[in-house]
Structure formats: structure tokens, C-alpha cells
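Asker: What follows is a structure written as C-alpha cells; I'll ask about it next.
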Amino acid sequence: MNCLRCGTCCTAPDIVALDKPLGTRCRHLDGSGLCAIYAERPAVCRGYRPDEICRMVSAPTLDERVRKYRDLFGV
């Protein structure tokens, strides 16, 4: 599956390597839904692969997608 550029994976989970708390938008996520530090992103981000969860949390707004993600994972 290709990235949907929805921004959910860069907002919903915490990313310790970037000191990014749960539910906050990563400071490196640009306006088009791409990573501004893609070539230097941490291993946790490199290892992420879009999957069915991306479709499961699909919603019109980032806030709605993050809420669905958090509900899905109980965080």
C-alpha cells in the first residue's frame, strides 16, 4: 500500500526519537503530508509501512483520523 499522505502516523503515536508526544503533529510533517527530514528520519519512522490501519482511520480531517487511531489502539 502506498502512503496516503494523511499525516496520521506522524501525529497520533509518540515518537521518542523525535521527542514527539502522543497526539501532537510531528514538527517535520510538511503541509503536503510529507516528511521534511525523510532522508534523515529516525529508524522508527523508516520502519513504518502503510497498511490497512491507514484505511481504517480514514476520515476527512487529521483530528478525526487521530481520534480513530487512538481509539483503535486504546491510547
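All residue numbers for the sequence shown refer to our numbering, where the first residue is 10 and numbers rise by one. For glycine and all other residues, C-beta sits at the position ideal for the given N, C-alpha and C.
Put residue 71 into one of helix, strand or coil per three-state DSSP.
Answerer: In this structure, residue 71 counts as helix in the three-state DSSP scheme.
Asker: Pull up the distance between the alpha-carbon of residue 74 and that of residue 42, whole angstroms please.
Answerer: Distance between the alpha carbons of residue 74 and residue 42 is about 13 Å.
Asker: Can you give the Cα-Cα distance for residue 39 and residue 83, rounded to whole angstroms?
Answerer: Distance between the alpha carbons of residue 39 and residue 83: 27 Å.
Asker: Which of the three DSSP states is assigned to residue 12 in this structure?
Answerer: It is coil, neither helix nor strand.
Asker: Can you tell me which of 45, 46, 19 and 77 puts its alpha carbon nearest to the alpha carbon of residue 34?
Answerer: Out of 45, 46, 19 and 77, 19 has the C-alpha closest to the C-alpha of residue 34.
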